[in-house]
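Chemist: Once you know that position 295 of the sequence shown is 295 in full-length UniProt numbering, the rest is easy, because the numbers rise by one and skip nothing. C-beta: ideal position from N, C-alpha, C; glycine also. All figures in this text were calculated on a predicted structure; none of them were measured in a lab. One structure, pasted below without further comment.
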Amino acid sequence: MAPTKPKSSKGPKERARERARAAKAASASANSRELLARATALLEEGDAVNAAKSALAAYEGIGETGRQAGAALTLLGHIHVELGEIEKAREYFLAAVGVDADGSLPEDLGGGCEKFLWLAQLSEEGGQDSVSWFERGAAALRTQIQVLSEKLDSLPLTCAQQEAVVNEKKRKLADALCAVTEVYMTDLSWEEDAEQRCEALITEATMLAPDVPETWQTVANVRISQLRMEEAQAALKRSLGVWMDLPPEDTGVPAFATRVALVRLLIEVGMEEEAIEVAERLISEDDTSVEVWYLGGYARYMLGEKLKQKGERSSDDQDWQAVWKSSRKRLAQCLRIFEVEEYEDERLREHANELLASIRKELGDEGGEDEAWEDTDDEDDDSDDDESDEDAEMQ
Numbered sequence: 001m002a003p004t005k006p007k008s009s010k011g012p013k014e015r016a017r018e019r020a021r022a023a024k025a026a027s028a029s030a031n032s033r034e035l036l037a038r039a040t041a042l043l044e045e046g047d048a049v050n051a052a053k054s055a056l057a058a059y060e061g062i063g064e065t066g067r068q069a070g071a072a073l074t075l076l077g078h079i080h081v082e083l084g085e086i087e088k089a090r091e092y093f094l095a096a097v098g099v100d101a102d103g104s105l106p107e108d109l110g111g112g113c114e115k116f117l118w119l120a121q122l123s124e125e126g127g128q129d130s131v132s133w134f135e136r137g138a139a140a141l142r143t144q145i146q147v148l149s150e151k152l153d154s155l156p157l158t159c160a161q162q163e164a165v166v167n168e169k170k171r172k173l174a175d176a177l178c179a180v181t182e183v184y185m186t187d188l189s190w191e192e193d194a195e196q197r198c199e200a201l202i203t204e205a206t207m208l209a210p211d212v213p214e215t216w217q218t219v220a221n222v223r224i225s226q227l228r229m230e231e232a233q234a235a236l237k238r239s240l241g242v243w244m245d246l247p248p249e250d251t252g253v254p255a256f257a258t259r260v261a262l263v264r265l266l267i268e269v270g271m272e273e274e275a276i277e278v279a280e281r282l283i284s285e286d287d288t289s290v291e292v293w294y295l296g297g298y299a300r301y302m303l304g305e306k307l308k309q310k311g312e313r314s315s316d317d318q319d320w321q322a323v324w325k326s327s328r329k330r331l332a333q334c335l336r337i338f339e340v341e342e343y344e345d346e347r348l349r350e351h352a353n354e355l356l357a358s359i360r361k362e363l364g365d366e367g368g369e370d371e372a373w374e375d376t377d378d379e380d381d382d383s384d385d386d387e388s389d390e391d392a393e394m395q
């Protein structure tokens with residue numbers, strides 16, 4: 001005779017209480033997921049204050065040992081970065097590391113690289129501490145890339161979607177490697193093997209993400225530090241080739257700040273005309289940026305000086321005087337906005353004034369500091385009357 005199933009020692013009331021507790025837990029879990037989703041949406045909309053309230057309510061519902069605790073803590077860290085509360089953000093990211101020390105948890109549970117990369121950027125010590133956090137993030141990304149690459153066929157996505165997921169991870173890893181490179185070029189430049197480390201990092205980064213413009217900017221930065229200017233120029237041309245023909249709204253266009261840094265690099269390696277083109281594009285996107293007006297004027301100053309020395313004309317058939325007139329207008333606009341915005345970079349203002357003084361010594365004080373900005377780019381044939389009219393309009 002088959003053994004009979006033992007009867008439960010729990011009575012009906014106790015089983016009912018267990019079912020109630022399970023239902024309550026399931027409801028709380030669903031509510032926490034909804035709060036996290038709402039917090040994420042609010043953050044994307046720019047409402048960090050209410051995002052923080054939703055995320056904190058979610059975390060309190062999940063608890064320190066809950067399944068989604070890591071996701072809530074990472075989100076809270078990100079939110080407090082947006083709020084400018086860096087110390088609190090750091091505390092949340094460190095707590096998230098306590099939940100997932102190696103980034104092996106699924107990303108929807110707070111796993112992955114994000115907390116490590118944020119801690120690298122927020123490090124108070126910088127230097128080796130930043131590198132250590134970047135390396136932990138990079139290790140998590142390498143693991144994810146390996147797993148995804150090995151299991152592409154088992155993912156419930158189309159082939160194109162699978163490749164997009166892997167490529168995004170590779171891009172993020174390349175970004176992390178470039179960030180480490182920057183640390184070795186600055187805080188850790190005194191390390192004996194700093195140059196070798198930079199070479200290894202940029203080599204891996206370009207292999208991972210050969211079509212990412214920021215990667216080639218980092219290569220150029222390393223080559224400039226090595227005084228290998230032709231190779232730096234080649235890297236910058238490759239960077240420009242990735243995105244210059246894209247419309248401004250395309251996601252392939254680098255971030256504004258990245259392109260500002262690019263203009264500086266282009267000027268440094270003597271690619272003034274390319275620097276001017278990028279600067280003009282930046283001005284069209286934000287005509288209140290003091291730094292962009294300054295760089296646009298500086299690039300034109302350097303180009304005019306080069307044309308003057310060589311007795312040549314620019315690619316758009318301007319002589320050095322026309323280029324310097326254009327430079328004068330941009331530098332004057334830079335200084336005008338500097339005052340309005342109460343900008344605090346005194347070195348930038350001093351250099352802009354030095355450049356203007358040099359131009360006025362050669363071309364005179366036509367328009368002076370009050371020289372008005374025109375929306376057109378026909379700076380070489382401006383008359384005094386036109387400038388006076390424009391000054392009156394601006395006043």
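(1) DSSP three-state call for W190: helix, strand or coil?
(2) For K115 versus A138, is the C-beta spacing smaller than 8 angstroms?
(3) Helix, strand or coil for T143 per DSSP?
(4) Determine the extent of the alpha helix (DSSP H) in which S239 is found, giving its start and end residues.
(5) Specify the secondary structure class of T251 as computed by DSSP and reduced to three states.
(6) Alpha carbon to alpha carbon, how far is I359 from A255? Give it in angstroms, no decimals.
(7) Using only alpha-carbon positions, find the residue among Q321, S314, A261, E60 that is nearest to V292.
(8) Closest to Q196 by CA distance: which of V180, A120, D108, A101 is it?
(9) According to the neighbour-count rule (16 or more other Cβ atoms, all chains shown, within 10 Å of its Cβ), is A58 buried or exposed?
(10) Does the count of Cβ pairs from the stretch 271-279 and the stretch 290-307 closer than 8 angstroms reach three?
(11) Considering only residues of the same chain and omitting the five flanking positions on each side of R142, which have a CB-CB separation below 8 angstroms?
(12) By DSSP, does Q333 sit in helix, in strand, or in coil?
(13) Rounded to whole angstroms, how far is the Cβ of residue 405 from the Cβ of V81, which I believe are closer than 8 angstroms?
(14) With distances taken between CB atoms, is the gap from A52 to G110 smaller than 8 angstroms?
(15) Rounded to a whole number of angstroms, what is the C-alpha to C-alpha distance between W216 and Q144?
(16) If you check the beta carbons only, do A164 and F134 fall under 8 angstroms apart?
(17) Within the same chain, show all residues whose beta-carbon is closer than 8 angstroms to that of I267, passing over the 5 residues directly before and after it, in chain order.
(18) Rounded to whole angstroms, what is the Cα-Cα separation between S32 and S130?
(19) Restricting to Cα atoms, I'd like to know which of E87, L148, S123 is closest to S104.
(20) Using only CA atoms, which one of L188, M185, C198, A209 lies nearest to K169?
(21) In three-state terms, what does DSSP make of M271?
(22) In this structure, does DSSP put E45 in helix, strand or coil?
(23) With L122 and I86 assumed to form a contact (beta carbons below 8 angstroms), what rounded beta-carbon distance in angstroms separates them?
(24) Thinking C-alpha only, which one of R349, L355, P247 is nearest E285?
(25) Report the CB separation of R328 from D319 in whole angstroms; it is logged as a contact under 8 angstroms.
Modeler: In brief:
(1) Your numbering for residue 190 matches position 190 in the sequence shown. Coil, per DSSP.
(2) Locating residue 115 in the sequence shown gives position 115, counting from the first residue. Locating residue 138 in the sequence shown gives position 138, counting from the first residue. Result no, Cβ atoms of K115 and A138 do not sit closer than 8 angstroms.
(3) The sequence position of residue 143 within the sequence shown is 143, counting from 1. If DSSP states are grouped into helix, strand and coil, T143 belongs with the helices.
(4) If you number the sequence shown from 1, residue 239 lands on position 239. Run containing S239: 229-243, per the alpha helix (DSSP H) assignment.
(5) Here residue 251 corresponds to residue number 251 of the sequence shown, with the count starting at 1. If DSSP states are grouped into helix, strand and coil, T251 belongs with coil.
(6) The residue given as residue 255 occupies position 255 in the sequence shown. The residue given as residue 359 occupies position 359 in the sequence shown. Approximately 32 angstroms, taken between the alpha carbons.
(7) Taking the sequence shown and counting its residues from 1, one reaches residue 292 at position 292. Answer by Cα proximity: A261.
(8) Working through the sequence shown from its first residue, we reach residue 196 at position 196. Here the closest residue by C-alpha is V180.
(9) Looking up residue 58 in the sequence shown gives position 58. Classification for A58: buried.
(10) yes
(11) Mapped onto the sequence shown, residue 142 falls at position 142. Around R142: L173.
(12) Taking the first residue of the sequence shown as position 1, residue 333 is located at position 333. DSSP places Q333 in helix when its eight states are reduced to three.
(13) Past the boundaries of the shown model lies residue 405; the chain is included only from 1 to 395, so the question cannot be answered.
(14) Numbered from its first residue, the sequence shown carries residue 52 at position 52. Numbered from its first residue, the sequence shown carries residue 110 at position 110. The answer is no: Cβ separation not under 8 angstroms.
(15) Here residue 216 refers to the residue found at position 216 when the sequence shown is read from its first residue. Here residue 144 refers to the residue found at position 144 when the sequence shown is read from its first residue. Cα-Cα distance, rounded: 24 angstroms.
(16) Reading the sequence shown from its first residue, position 164 is the one you call residue 164. Reading the sequence shown from its first residue, position 134 is the one you call residue 134. Cβ distance not < 8 angstroms, so A164 and F134 don't count as in contact.
(17) As a first step, residue 267 is located in the sequence shown; it is residue number 267 there, counting from the start. So the qualifying residues of the chain are A275, L295, Y298, A299, M302.
(18) In the sequence shown, counting from the first residue as 1, residue 32 sits at position 32. In the sequence shown, counting from the first residue as 1, residue 130 sits at position 130. Rounded to whole angstroms, S32 to S130 spans 32 angstroms at the Cα level.
(19) Residue numbering aside, residue 104 sits at position 104 when the sequence shown is read from its first letter. It is L148 whose Cα lies nearest to the Cα of S104.
(20) Numbered from 1 along the sequence shown, position 169 holds the residue referred to as residue 169. Minimum Cα distance to K169 is reached at A209.
(21) Residue 271 sits at position 271 when you count from the first residue of the sequence shown. Reduced to three states, the DSSP call for M271 is coil.
(22) One-based indexing of the sequence shown puts residue 45 at position 45. Coil at E45, not helix or strand.
(23) Counting from one through the sequence shown, the residue named residue 122 turns up at place 122. Counting from one through the sequence shown, the residue named residue 86 turns up at place 86. Their Cβ separation, rounded to whole angstroms, is 6 angstroms, which keeps L122 and I86 in contact under 8 angstroms.
(24) Taking the sequence shown and counting its residues from 1, one reaches residue 285 at position 285. It is P247.
(25) Your numbering for residue 328 matches position 328 in the sequence shown. Your numbering for residue 319 matches position 319 in the sequence shown. Rounded, the Cβ-Cβ distance is 15 angstroms, inconsistent with contact.
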